[in-house]
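> The structure's right below; bear with me while I get my questions together.
2 protein chains.
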Amino acid sequence: MPSVHHPLDALTPQEYWTIYQTLRSEGHVHEKTLFASVLLHEPDKQAVLQWTPDSPIDRKADVVLLDEGKSYAAIVDITSKKVDDFHALKGEHAPYTDTEEHEVGEAIKHDPRIIEALKKRGITDLRHVECYPEPAGYIALPEQKDPEDRIAWGGCADSEGAISGSWDREVSGLFFVADMKTKKVLRVSDFGSVPRTPTTGIYDEVGGEALPGTKPITVMQTEGPSFTIDKGLVSWQNWRFRFRLDPRQGPVLSTVGIEDNGKLRSVMYEGALSEMYVPYQDPEETWNSHVFIDGGEYFMNTGLGLIKPLIAGVDCPDYATFFSGFFYKEDGSPFERPQLACLFERTKGDPAWRHSDPNGVFGRPTRELVLRTVATVGNYDYVLDWRFGQDGVITGAVGATGILEVKPVSDTDVSKGMSDGLADKNAPGGPVEFGHLVAPGTDAVNHDHFFSFRLDLDVDGPKNSFMADKLVQYKIPSNKTDYGRHVIWAMKPTMPMTESEAKMDISLQHPSMWRFVSSDTKGPQGYPTSYEIMAGQTGTSLLPSDEWPQKRAGFSEHQLWVTPYEPTERFAAGTYVSGSRGTDGVAIWTKKNRSIMDTDIVAWYTVGFHHTPRTEDWPQMPIMWHEFQIRPFDFFTKNPALDLPMKP
Amino acid sequence: MPSVHHPLDALTPQEYWTIYQTLRSEGHVHEKTLFASVLLHEPDKQAVLQWTPDSPIDRKADVVLLDEGKSYAAIVDITSKKVDDFHALKGEHAPYTDTEEHEVGEAIKHDPRIIEALKKRGITDLRHVECYPEPAGYIALPEQKDPEDRIAWGGCADSEGAISGSWDREVSGLFFVADMKTKKVLRVSDFGSVPRTPTTGIYDEVGGEALPGTKPITVMQTEGPSFTIDKGLVSWQNWRFRFRLDPRQGPVLSTVGIEDNGKLRSVMYEGALSEMYVPYQDPEETWNSHVFIDGGEYFMNTGLGLIKPLIAGVDCPDYATFFSGFFYKEDGSPFERPQLACLFERTKGDPAWRHSDPNGVFGRPTRELVLRTVATVGNYDYVLDWRFGQDGVITGAVGATGILEVKPVSDTDVSKGMSDGLADKNAPGGPVEFGHLVAPGTDAVNHDHFFSFRLDLDVDGPKNSFMADKLVQYKIPSNKTDYGRHVIWAMKPTMPMTESEAKMDISLQHPSMWRFVSSDTKGPQGYPTSYEIMAGQTGTSLLPSDEWPQKRAGFSEHQLWVTPYEPTERFAAGTYVSGSRGTDGVAIWTKKNRSIMDTDIVAWYTVGFHHTPRTEDWPQMPIMWHEFQIRPFDFFTKNPALDLPMKP
């Protein structure tokens, strides 16, 4: 039975019922009211930091309701069973609900213009047709004049003939705009059809037979795992942390600390995936709607929802420990999702450190702890890892896999040229391609993936500053000779004082290192203790900042942002993303240019990559990992893995 | 007993003796002649490609001899026991030998100026003093006028009082230049001393005790590995490849192919680490010599030599298969080094691919094959991996660990400021730092690591071209409205025709993808088959290209170079690196600007990173990995891992 042991624990089934009952008893829930979002309202950070197991726990929830097309926000005090705040949203919207999408989808499917357009394409049996109204990413459509309107758009798919999935069954050239309030179709645009894509058939293959000669690899923990979980507190090696499974963000790490000489030292108050942004790059108007800000648009735990059950032996080792999630349905009732996260140790056969010396080899093997979830957003699957190392390093990782988003094109063989759907042969500067033919008639459209991680590092406490150590050329003043070295590089420590100065990009020619340094604690040799945010392979958005998708997901313009801690700033593209117009999110907040020195600060790190698909990405993509590290820098007095045992 | 099964196999002990005897019988080996380099002279590529197990194998070796300070190059025909070519090197030098370094080191130690300088520092007992003449990276020193001269330089260390290593025992402010031919000290510069660094003590700690609660993780292959090795041919899953352990380059992969529907298809003719470059960034003249081009300067298999024995259970899992290397000594005799490489399979508990669907989860677990060696170059250790995936991907990886190179400084606590040795407080633009105090008085100097991988990809045969697919902004011409999307990005395929056009840098704002495409073979949907070289996290050199170290290791200026295949072009900083003046190597060859279209081409990929040390890197660095991928792009007809079994 899930219960609350700590102020940052996930909402429990009992609490979901209390939220429901409290809102209903105060008159806010009617027959058709939909619970679009029910999230833990985090308590005051100071209170959490001062909290001890004896302290009472006050619990609140942030709730977004949708009632006859109108959106309302509420703060429900669970402990006192009172509604603290209830107000209608103005120009902001609840995330789209499955209920609406189903109702509007049916209305669209039966619109005479859609029926006519389908008929033109030879589709008269609507039984296997589905029309998908997408949460309208605002792009100033004529139908999007009034911010109060709840507009959807999208296309249809016909799965007749499909064998194990309908991801390649888009009906080409068809585009609609619909009103989610009135459930009316406002516009149908028919840009003409192309021949239907031959059915890919299967998204899987019989997988029983290993290649000849394949011998088993057995990984076992016969004595069980090395971690313990005591009332939600995970202890593994020197690490101590908590996590909750959040219906919007997935796993939220909290109060991450590390034991160092008998003292528990703070590293990160909270760390979580804050937002995702996946803009497709096809010029057709039908594809304007393929700009997904998945975290805020699709975070609901039902339907397309983010985190999904894991399979032991495929997603995680079979000896892993699995965790359920407790979420809410649109009717406000709670439900349990099994196997939503797994926690496991692993050894990869790698050394923690080693050195060959004339006298022999010094070295130690290593193991790591992995907390894993998978977010499936429609076709795509993202494996999200938080990995804890024995060297004090936390690695964040995203593994992208799943199914490509494709559109039908007439092409079956590009060696004779490409259709206008696939390429612009007359583009200024030479031909360009918008996607890749992964199967005959199947165009996998170019796109990006951006992930914003909100990292509330508190290095030895909340009072930190941000350091950007720049590597710069340095002319050696003492060398007046014509021989020797004249120019080297040196490290120039800089401390950005405000949010504007702390917008960080990556340049190989002008590298910099990013650290959160403690304002009060000095480490060995007098350096301030710090943790570095070390970028891995990543990318930045290539769209102009005045394009609508880019305005709405402005976080993708920089690799790192730093803000002062502000409890309402949790989501990099804003709280209400469906239909948003770029008025919320880290790119907006940082315009205030607040001070970030010697205060509680938060980092927003962007993992990004561009995807120009290849044939091998079809019909299921081999996983591709992107990682970043949060690593100690003058935090310990030496390599913390120096005294590991000789067994991993 | 090692024997020759294939033209690219490593030299055997019998062959080393034949080489020795052949050179001696033709009068080239005298009492003091040193064998500075003995490497397989690779046979003609066409002959290798046409070779079958019935064909005779002609074997040759490239030999560099050092005789009374003069360097000679020879090609020895092992099969016919004849010297094909023998000539004195002009302005180029054999790599420095242990014999010379020891003799010159002793001479330096007993030079009156050195004795005097040591005395000034309170060092009168020379028993534990060692002076290290480094291979002179040319920097136009007054002593380096004549290219025929064999000049060394360096400093001394006093290990008195050291407990388990002398890496922090440098004698400060002392610098010498010596003539390796005459074994004379040409110059002693004394820039003054700083107090000696307190002894770090140990480079290790008792590692017997796991933290309380640590439970074993057991990884076993009770039925043995899934790979077979038949006369040097490694077969694992669909992969087929060979490798030799080369005294200069370490593991050299060759004839790497993959079985696809019963057909063996070529991916890479040869892949190996071609060069390493580690420039330190300290302004002191004493540190001018700390610019290492390790591959060419230190590749000898004795002494500081590159690859070193591995420990089972630390460097590789204990179930790994280990391989000896057969190398040569300076007297020309062969010797065996045990456990120089390991080969093992592993499963990390990760999926090969997966997708959550309303019907359930599709997915498969994966395993990989790792070929691992460790190169220890003095203080640093590089774990070098070639990893083969079930998805057709080869990953190259470098894990940097070992001990930092440090210099003594007077500082013990930087909170009161830093000495001139550690920082320039008056640098234009603000203070800069040259290193980091990792222990009292111990300055770990800033530096870079660059690795050049020579990747002779032959995608479906040797005839390939190079594609750089650029991502560019694209204005949608059809959108004349004020709503919708106006600018997207698109992929612009470009085919660099010559070496100049194929010098590739990484820019997040202007990304490009790099591929080797087959000239003759079309893949599915009519695209040419190809393999992509996908960069991982990497860095570029920050030094001006007219600085001497940079001229000598010019490969570090770009992330990728492409050259037409030329058998003599094997080493990215040239064949003869000791004392080189930047007249050889990929930065020089590519000035010819040869055609790289529809021909046999070679990629030179640079892995680079800057290292500003932190306290946690002392006294042994936690390993830091950098990776890149060689991955199929339209090579297969679909995801080649689709039909994996449900067990890893």
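One line per chain: the protein sequences are D and Y, in this order. Take full-length UniProt numbering: the final residue in the first sequence is number 648, and no numbers are missing along the way. Take full-length UniProt numbering: the final residue in the second sequence is number 648, and no numbers are missing along the way. For every residue, glycine included, the Cβ atom is placed at its ideal position computed from N, Cα and C.
Report the start-end ranges of each alpha helix (DSSP H) in the segment 514-565 of chain D that is 4 residues or longer and not cut off at the edges.
Qualifying alpha helix (DSSP H) stretches, in chain order: 548-552.
> Going by DSSP in three states, HIS102/Y sits in which element: helix, strand or coil?
Locating residue 102/Y in the second sequence gives position 102, counting from the first residue. Three-state result, HIS102/Y: helix.
> Looking at the unbroken beta strand (DSSP E) that takes in SER230/D, where does it start and where does it end?
Locating residue 230/D in the first sequence gives position 230, where the first residue counts as 1. The sequence given here places Asp at residue 230/D; Ser does not occur at that position. Note, ASP230/D: beta strand (DSSP E), 228-230.
> What is the rounded straight-line gap between the Cα of GLN46/D and the Cα of ASP617/Y?
Along the first sequence, read from residue 1 onward, the residue named residue 46/D stands at position 46. Along the second sequence, read from residue 1 onward, the residue named residue 617/Y stands at position 617. If I take the Cα positions, the gap works out to 34 Å.
> Is PHE555/D closer than 8 Å to THR606/D when the C-beta atoms are compared?
Along the first sequence, read from residue 1 onward, the residue named residue 606/D stands at position 606. Along the first sequence, read from residue 1 onward, the residue named residue 555/D stands at position 555. Yes, the pair counts as a contact, with Cβ atoms nearer than the cut-off.
> What are the start and end residues of the beta strand (DSSP E) that includes ILE588/Y?
Working through the second sequence from its first residue, we reach residue 588/Y at position 588. Element bounds for ILE588/Y: not the beta strand (DSSP E) but the alpha helix (DSSP H), 586-589.
> When burial is assigned at 16 or more other CB atoms within 10 Å of the CB, is GLN281/Y buried or exposed?
Your numbering for residue 281/Y matches position 281 in the second sequence. Under this definition GLN281/Y is a buried residue.
> Using the beta-carbon of each residue, which ones in chain Y are nearer than 8 Å to CYS316/D?
The residue given as residue 316/D occupies position 316 in the first sequence. The contacting residues are GLY349.
> Below 8 Å CB to CB, which residues in the same chain sit around VAL414/D once its five sequence neighbours on both sides are set aside?
Here residue 414/D refers to the residue found at position 414 of the first sequence. Only LEU422 and LEU437 meet the Cβ criterion.
> When the Cα atoms are used, what is the spatial distance from LEU542/D to HIS102/Y?
Here residue 542/D refers to the residue found at position 542 when the first sequence is read from its first residue. Here residue 102/Y refers to the residue found at position 102 when the second sequence is read from its first residue. Using only the alpha carbons, I get a separation of about 57 Å.
> Per the contact definition of three or more C-beta pairs closer than 8 Å, is the segment 458-476 of chain D in contact with the segment 513-526 of chain D?
In short, these stretches touch, since the Cβ pair count reaches three.
> What residue does the beta strand (DSSP E) around residue 650/D start on, and which one ends it?
With chain D represented from 1 up to 648, any question about residue 650/D goes unanswered, as that position is not in the structure.
> Would you verify that the beta carbon of GLU501/Y is, or is not, closer than 8 Å to some beta carbon of chain D?
As a first step, residue 501/Y is located in the second sequence; it is residue number 501 there, counting from the start. So, not an interface residue.
> Could you please tell me which residues of the segment 216-232 of chain D, in chain order, have their CB closer than 9 Å to any CB of chain Y?
Listed by position, the residues of the segment 216-232 of chain D near chain Y (Cβ gap below 9 Å) are PRO216, ILE217, THR218, VAL219, MET220, GLN221, THR222, GLU223, GLY224, PRO225, SER226, PHE227 and THR228.
> Does PHE434/D get closer than 8 Å to chain Y when you measure Cβ to Cβ?
The count along the first sequence starts at 1 and reaches residue 434/D at position 434. Cβ-Cβ to chain Y under 8 Å: yes for PHE434/D.
> Given a threshold of 16 other Cβ atoms within 10 Å of its Cβ, counted over all protein chains shown, does PHE636/D qualify as buried or as exposed?
Position 636 of the first sequence holds residue 636/D. Answer is buried; the Cβ neighbour count reaches 16.
> So who's on the other strand from VAL135/D, going by DSSP bridges?
Taking the first residue of the first sequence as 1, we reach residue 135/D at position 135. For clarity, residue 135/D is Pro in the given sequence; the question names Val instead. ALA152/D, per the DSSP bridge assignment.
> For residue 659/Y, which of ASP146/Y, GLY137/Y and VAL129/Y has the nearest alpha-carbon?
Here chain Y has residues from 1 to 648 only, and residue 659/Y is not among them.
> Alpha carbons only, please: which of PHE326/D, LEU343/D and GLU566/D is nearest the one belonging to TRP17/D?
Translated into the one-based positions of the first sequence, residue 17/D becomes position 17. Nearest of PHE326/D, LEU343/D and GLU566/D to TRP17/D, Cα basis: PHE326/D.
> At 3 residues or longer, what runs of the beta strand (DSSP E) sit wholly inside the segment 258-343 of chain Y?
List check, beta strand (DSSP E) in window: 263-279 and 321-328.
> Does DSSP put GLN473/Y in a helix, a strand or coil?
As a working note, residue 473/Y is residue 473 in the second sequence. Note: GLN473/Y maps to strand in three-state DSSP.
> From GLN559/D to VAL278/Y, what does the alpha carbon distance come to, in whole angstroms?
Along the first sequence, one-based indexing puts residue 559/D at 559. Along the second sequence, one-based indexing puts residue 278/Y at 278. So the two alpha carbons sit approximately 28 Å from each other.
> Measure the alpha-carbon distance for GLY574/D versus ASP44/D and round it to whole angstroms.
On the first sequence, position 574 is the one that residue 574/D refers to. On the first sequence, position 44 is the one that residue 44/D refers to. The straight-line gap from Cα to Cα measures roughly 20 Å.
> Mind checking LEU304/D: buried by the 16 CB within 10 Å criterion, or exposed?
Walking along the first sequence from the start, residue 304/D turns up at place 304. Reliability of the predicted coordinates at LEU304/D is poor, the pLDDT of 45 falling under 50, and the value obtained from them is presented with this limitation in mind. Looking at its Cβ environment, which holds 16 or more other Cβ atoms inside 10 Å, LEU304/D is buried.
> Could you tell me which chain D residues have their CB closer than 7 Å to the CB of ARG614/Y, listed as they occur along the chain?
What you label residue 614/Y is simply residue 614 of the second sequence in a count that begins at 1. Simply PHE633 and ASP634.
> Pull up the distance between the alpha-carbon of PRO496/D and that of ILE596/D, whole angstroms please.
Within the first sequence, numbered from 1, the residue matching residue 496/D stands at position 496. Within the first sequence, numbered from 1, the residue matching residue 596/D stands at position 596. The straight-line gap from Cα to Cα measures roughly 8 Å.
> For THR99/Y, collect the residues of the same chain with a Cβ closer than 8 Å to its Cβ; drop the 5 residues on either side in sequence, then sort them by chain order.
Against the second sequence, residue 99/Y aligns to sequence position 99. Here the set comprises LEU34 and GLU330.
> Tell me VAL445/D's beta-bridge partners as DSSP assigns them.
Against the first sequence, residue 445/D aligns to sequence position 445. In DSSP, VAL445/D forms a bridge with GLY435/D.
> Return the chain-ordered list of same chain residues with a C-beta closer than 6 Å to the C-beta of ARG113/Y, the five sequence neighbours on each side being excluded.
The residue labelled residue 113/Y in the question sits at position 113 within the second sequence. Closer than 6 Å at Cβ, skipping near neighbours: VAL188.
> Name the residues in the UniProt domain "Copper amine oxidase N3-terminal" (99-190) of chain Y whose C-beta lies less than 7 Å from a C-beta of chain D; which are they?
So the list reads ILE139, ALA140, LEU141, PRO142 and GLY165, given in the order they occur along the chain.
> Is it true that the segment 76-91 of chain Y meets the segment 46-55 of chain Y, where meeting means three or more beta-carbon pairs spaced less than 8 Å apart?
Taking 8 Å as the limit for Cβ pairs, the verdict is that the segment 46-55 of chain Y does not touch the segment 76-91 of chain Y.
> What number of angstroms, rounded off, separates the C-alpha of ASP315/Y from the C-alpha of ALA641/D?
Translated into positions along the second sequence, residue 315/Y becomes position 315. Translated into positions along the first sequence, residue 641/D becomes position 641. Distance between the alpha carbons of ASP315/Y and ALA641/D is about 15 Å.
> Using beta carbons (cut-off 8 Å, strictly below), is ASN301/D in contact with chain Y?
Your numbering for residue 301/D matches position 301 in the first sequence. Because the pLDDT at ASN301/D is just 49, under 50, the model does not fix this residue reliably, and the value given afterwards should be weighed accordingly. No, because no Cβ of chain Y sits closer than 8 Å to the Cβ of ASN301/D.
> Looking only at DSSP bridge pairs, what is ASP67/D linked to?
Looking up residue 67/D in the first sequence gives position 67. Beta-bridge pairing links ASP67/D to LYS70/D.
> Give me the Cα-Cα distance between ILE623/D and VAL577/D, rounded to the nearest whole angstrom.
Position 623 of the first sequence, counting from 1, holds the residue named residue 623/D. Position 577 of the first sequence, counting from 1, holds the residue named residue 577/D. Distance between the alpha carbons of ILE623/D and VAL577/D is about 28 Å.
> SER37/D lies in the beta strand (DSSP E); which residues open and close that run?
In the first sequence, residue 37/D corresponds to position 37, counting from 1. 34-41 is the span of the beta strand (DSSP E), which, as asked, contains SER37/D.
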